[in-house]
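So the sequence lines, in the order shown, correspond to chains G and R.
According to our numbering, the first sequence is numbered sequentially starting from 1.
According to our numbering, the second sequence is numbered sequentially starting from 1.
Every residue gets a Cβ at the ideal spot worked out from N, C-alpha and C, and that includes glycine.
There are 2 protein chains.
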Amino acid sequence: MDTNQIDPTENFFAIIPAGGVGSRLWPLSRASAPKFLHDLTGSGQTLLQDTWDRLAPITKNKLMVVTGDVHARLVAEQLPGLSKENLILEPSPKDSTAAIVLAAAVLYKRNPDVIIGSFAADHVITDQQKFEAAISASIKIAATNKIVTIGIVPTEASAAFGYIKKGQALKQGPGFEVAEFVEKPEMKKAKKFVANGKYLWNAGMFIAPAKLLLQVLAKTQPQLHAGIMRLAEYWDTDQQEQKLHEIWPELTRIAIDYAIAEPAAKLGLVAVVPAAFEWHDVGDFAAIAELQSQGKSNNLAVLGSARVLSDSSSGILVSDTNRLVALIGLEDVIVVDTPDALLVTTKQHAQKVKALVEALKQTGHSDLL
Amino acid sequence: MDTNQIDPTENFFAIIPAGGVGSRLWPLSRASAPKFLHDLTGSGQTLLQDTWDRLAPITKNKLMVVTGDVHARLVAEQLPGLSKENLILEPSPKDSTAAIVLAAAVLYKRNPDVIIGSFAADHVITDQQKFEAAISASIKIAATNKIVTIGIVPTEASAAFGYIKKGQALKQGPGFEVAEFVEKPEMKKAKKFVANGKYLWNAGMFIAPAKLLLQVLAKTQPQLHAGIMRLAEYWDTDQQEQKLHEIWPELTRIAIDYAIAEPAAKLGLVAVVPAAFEWHDVGDFAAIAELQSQGKSNNLAVLGSARVLSDSSSGILVSDTNRLVALIGLEDVIVVDTPDALLVTTKQHAQKVKALVEALKQTGHSDLL
Chain G
1 MDTNQIDPTE NFFAIIPAGG VGSRLWPLSR ASAPKFLHDL TGSGQTLLQD
51 TWDRLAPITK NKLMVVTGDV HARLVAEQLP GLSKENLILE PSPKDSTAAI
101 VLAAAVLYKR NPDVIIGSFA ADHVITDQQK FEAAISASIK IAATNKIVTI
151 GIVPTEASAA FGYIKKGQAL KQGPGFEVAE FVEKPEMKKA KKFVANGKYL
201 WNAGMFIAPA KLLLQVLAKT QPQLHAGIMR LAEYWDTDQQ EQKLHEIWPE
251 LTRIAIDYAI AEPAAKLGLV AVVPAAFEWH DVGDFAAIAE LQSQGKSNNL
301 AVLGSARVLS DSSSGILVSD TNRLVALIGL EDVIVVDTPD ALLVTTKQHA
351 QKVKALVEAL KQTGHSDLL
Chain R
1 MDTNQIDPTE NFFAIIPAGG VGSRLWPLSR ASAPKFLHDL TGSGQTLLQD
51 TWDRLAPITK NKLMVVTGDV HARLVAEQLP GLSKENLILE PSPKDSTAAI
101 VLAAAVLYKR NPDVIIGSFA ADHVITDQQK FEAAISASIK IAATNKIVTI
151 GIVPTEASAA FGYIKKGQAL KQGPGFEVAE FVEKPEMKKA KKFVANGKYL
201 WNAGMFIAPA KLLLQVLAKT QPQLHAGIMR LAEYWDTDQQ EQKLHEIWPE
251 LTRIAIDYAI AEPAAKLGLV AVVPAAFEWH DVGDFAAIAE LQSQGKSNNL
301 AVLGSARVLS DSSSGILVSD TNRLVALIGL EDVIVVDTPD ALLVTTKQHA
351 QKVKALVEAL KQTGHSDLL
């Protein structure tokens, strides 16, 4: 059958790897309640729920979530539309390759023509129309046996993201070959990238036939590939749980960028679709503050139920206690008020929260992580 | 009997008016637990206890405390040496004249030769020897029928205190006549005062024969004087409580500076003894921070039991919760962490806390005051 005759969107299935602690968002984001389980935008929904709502109309509710088994209850509560067979619970963190490729292998077993898309659970995208258009174009290119990443057109030089360098334009649609993936650059380099015009932000979203992903992994990480295939073999059987706990601990821990995206790019298998929608990875409190302040008059952003008295015209207060919080004479301040830990810093120092979490680990405060 | 033959110190009795909310120390200092009930110096004792310990050796434990009746329990707990007959409980706040002069009138009734000294419950004085020397000299001058204030030799120009201008040197001891009391000046004026050399800080401490105080009040505030004398008449009788609740509400509310000190100065009845000891009125968190940082290497001052991670080299954290507090990249910060309210500000804005408390009153947050 000629694939051109079938709408490849019919075979599209979204995977949401919901992992990562988000330590730069401590003390709000914790090992027990990572950032995707929080409402960081003031939308009234968590980032995970927003992600679900963004993808459900495109996939007609065909979504699979991969998350740590400690989050099973909260994820199920937050996503009532998620069926049990589409929730993969990792017994332990094994980085993105094991999570995404296991999901892809399970979906491939169920439908060998499946085209998967992988979308982080903790990103913010508000322009649904442009998002859908980019996905739609990417699916069509993926159907030509490509791994298609979505590259965000940069709005500023940023040292916080990796970049994707566009190569030749594809014959089909709005895609380009990927010349190169570039890791997070220095600011000086980031400025050059943005001026150059060929560089896009790597938002970590990609769309590909599951079959192709598995083929690439078989070449680059044969042992990991074998483990995942063996696990998939038992999936949807009554041995699923037993084999998961047997095989999972042995899987190689590696990011999908290194296991698949970069080697596949060198093989000419990766395309990029530029997308000009607004995209935020909400990496730290400064990012949340900026997100919150968009289109608002000068004032402190407030997330949560705090009673606040403040004369600040910038910065952010996040509170999940019911205390009164009074802020006087502070600009660009970040205050995060939780029942057992309080963080006070400034937007300029938002990135240092990660080091703080490390320091907490080393000083015996693991109860607070 | 010639008074020169008796050591007037034998007749000395200290009064500690323990009042005032200390709203610039909110949310630590509250109506229910004002600043004198807190350890603000890290001494391990409250300011009230420090005040007691400073005076007890001088007066041989002859101390009277005047405080709001809501503080009865905490004051009694903190001062086990205070006998019940030397604790006056105000049914409502009536400013300093009623508090101090009622105490003086009661002591006068018990001993007509009594020389009283009045000392705020919330000041910090560390040089006990110089303090005792100043008191001792003041008692001797007071015994010559003077109201003797202690004037602190300024260590810097300050707009936070009132000033006392020295007049003629007295024949006796280290005292001077008081030329004038000056209210808190503008900074420009404060600088002139300090350069001039004749101006001392008014620390609100004074020593005087109770009889003289009562005589002055009889002239300046005859109605208030009459009320207090009637109350004193019933004191130490079984009608004490009944009359207190009957008469107290009618007493004029006026500061002792206006009712006694200033008019008496115009009558030539007030002397000042300059004292060069270190003195702090711990008026706001900036003052506490400075007090805490004295003689210490550059770091954040911490009061209370908080677990702290901080890279700040200045500022102060006050915490009576057991939360972990993390401060990153902040200088001169003030963080006050209490179970129901959190304050974050900077030393530069410490004085604004008073206005904040006003705002809280007006926005219906009286539960937090």
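Which term fits residue i, buried or exposed, when burial requires 16 or more other beta carbons within 10 angstroms of its beta carbon?
| i | result |
| --- | --- |
| G/K165 | buried |
| R/G283 | buried |
| G/D367 | exposed |
| R/D50 | buried |
| G/M205 | buried |
| R/D390 | One cannot answer for residue 390 of chain R here, as it falls past the ends of chain R, which runs 1 to 369. |
| R/E90 | buried |
| R/P209 | buried |
| R/R73 | exposed |
| G/D2 | Residue placement at G/D2 is poorly supported in this model, since its pLDDT is 49, which falls under 50; the coordinates still yield a value, given next. When all chains shown are included, G/D2 counts as exposed. |
| R/G364 | exposed |
| R/D122 | buried |
| G/M187 | exposed |
| G/H280 | buried |
| G/I198 | For the record, residue 198 of chain G in the displayed sequence is Lys; it is not Ile. It is exposed - the Cβ of G/K198 has fewer than 16 other Cβ atoms within 10 Å. |
| G/I6 | exposed |
| G/K219 | exposed |
| G/P57 | exposed |
In the DSSP assignment, find the beta strand (DSSP E) that holds residue i and state where it starts and stops.
| i | result |
| --- | --- |
| R/E90 | L87 to E90 |
| R/L274 | Rather than Leu, the amino acid found at residue 274 of chain R in this sequence is Pro. First-last of the beta strand (DSSP E) with R/P274: V270 to A275. |
| G/E180 | F176 to V182 |
Anything in chain G within Cβ reach of residue i, meaning under 8 Å, just list it in chain order.
| i | result |
| --- | --- |
| R/V335 | L342 and V344 |
| R/L356 | L309, A326 and I328 |
| R/R368 | For the record, residue 368 of chain R in the displayed sequence is Leu; it is not Arg. Near R/L368 (Cβ distances below 8 Å), the residues of chain G are L324. |
In the DSSP assignment, the alpha helix (DSSP H) including residue i goes from what residue to what residue?
| i | result |
| --- | --- |
| R/K94 | Taken as a continuous stretch (DSSP letters only), R/K94 belongs to no alpha helix (DSSP H), as it is neither H nor E. |
| G/L79 | Taken as a continuous stretch (DSSP letters only), G/L79 belongs to no alpha helix (DSSP H), as it is neither H nor E. |
| R/Q223 | P222 to Y234 |
| R/A355 | V353 to Q362 |
Suppose the cutoff is 7 Å on Cβ atoms and the five residues either side in sequence are ignored; what does the same chain contact list for residue i look like?
| i | result |
| --- | --- |
| G/T346 | D332, V333 and I334 |
| R/E183 | G162 |
| R/T252 | Q221, Q223 and L224 |
| G/T46 | F36, L37, H38, D39 and Q78 |
| G/S32 | V70 |
| R/V211 | Note that residue 211 of chain R corresponds to Lys in the displayed sequence, not to Val. Within the same chain, R/K211 has close Cβ partners Y108 and P112. |
List, in order along the chain, the chain R residues whose C-beta lies closer than 7 Å to that of residue i?
| i | result |
| --- | --- |
| G/Q348 | G329 |
| G/H123 | The contacting residues do not exist; G/H123 stays about 25 Å from chain R at best. |
Among the candidates the options, whose CA atom is the shortest distance from the CA of residue i?
| i | options | result |
| --- | --- | --- |
| G/K354 | R/L267, R/I328 and R/I100 | R/I328 |
| R/Q223 | R/T97, R/D127 and R/V114 | R/T97 |
| G/D340 | R/I139, R/N322 and R/W26 | R/N322 |
| G/V194 | G/P154, G/V216 and G/G167 | G/P154 |
| G/G44 | G/L82, G/G304 and G/V318 | G/G304 |
| G/P185 | G/A179, G/T363, G/A169 and G/A157 | G/A157 |
| R/S92 | R/V21, R/L317 and R/Q215 | R/V21 |
| G/A271 | G/T149, G/W26, G/D127 and G/F119 | G/T149 |
| R/G19 | R/V216, R/P34 and R/G81 | R/P34 |
| G/I116 | G/G364, G/N145, G/Q351 and G/Q294 | G/N145 |
| R/A137 | R/G315, R/I207 and R/S23 | R/I207 |
| G/G167 | G/V273, G/S293 and G/H280 | G/V273 |
| G/G315 | G/V344, G/K191 and G/L324 | G/V344 |
| G/F285 | G/K211, G/P57, G/N111 and G/Q351 | G/Q351 |
| G/Q215 | G/Y108, G/Q240, G/A306 and G/E132 | G/Y108 |
| R/L28 | G/S83, G/A326 and G/K189 | G/A326 |
| G/N86 | G/I141, G/G175 and G/W235 | G/W235 |
| G/V302 | G/L317, G/L309 and G/L291 | G/L317 |
| G/P254 | G/D95, G/A159 and G/G42 | The displayed chain sequence assigns Ile, not Pro, to residue 254 of chain G. Cα-wise, what sits closest to G/I254 is G/D95. |
If the cut is a Cβ gap below 9 Å, which residues of chain R does residue i touch?
| i | result |
| --- | --- |
| G/K352 | D311, I328 and G329 |
| G/H365 | R307, L309 and L324 |
Interface residues of chain G around residue i at Cβ under 7 Å?
| i | result |
| --- | --- |
| R/A359 | L309 |
Starting from the beta carbon of residue i, find every residue of chain G whose beta carbon is closer than 9 Å, and list them in chain order.
| i | result |
| --- | --- |
| R/V325 | A341, L342, L343 and V344 |
| R/A245 | Checking the displayed sequence, the identity of residue 245 of chain R turns out to be His instead of Ala. Residues of chain G passing the Cβ test: none, with the nearest at roughly 35 Å. |
Between which residues of its own chain and residue i is the CB-CB distance below 8 Å, once the five residues before and five after are set aside?
| i | result |
| --- | --- |
| G/L102 | V66, I88, I228, L231 and A232 |
| R/L217 | T97, V101, L224, H225, I228, A259 and I260 |
Output yes if chain A places a C-beta closer than 8 Å to the C-beta of residue i; else output no.
| i | result |
| --- | --- |
| G/E177 | The structure shown contains no chain A; the protein chains it does contain are G and R. |
In its own chain, which residues sit with a C-beta less than 6 Å from the C-beta of residue i, not counting the 5 before and 5 after it?
| i | result |
| --- | --- |
| G/S310 | L300 and L327 |
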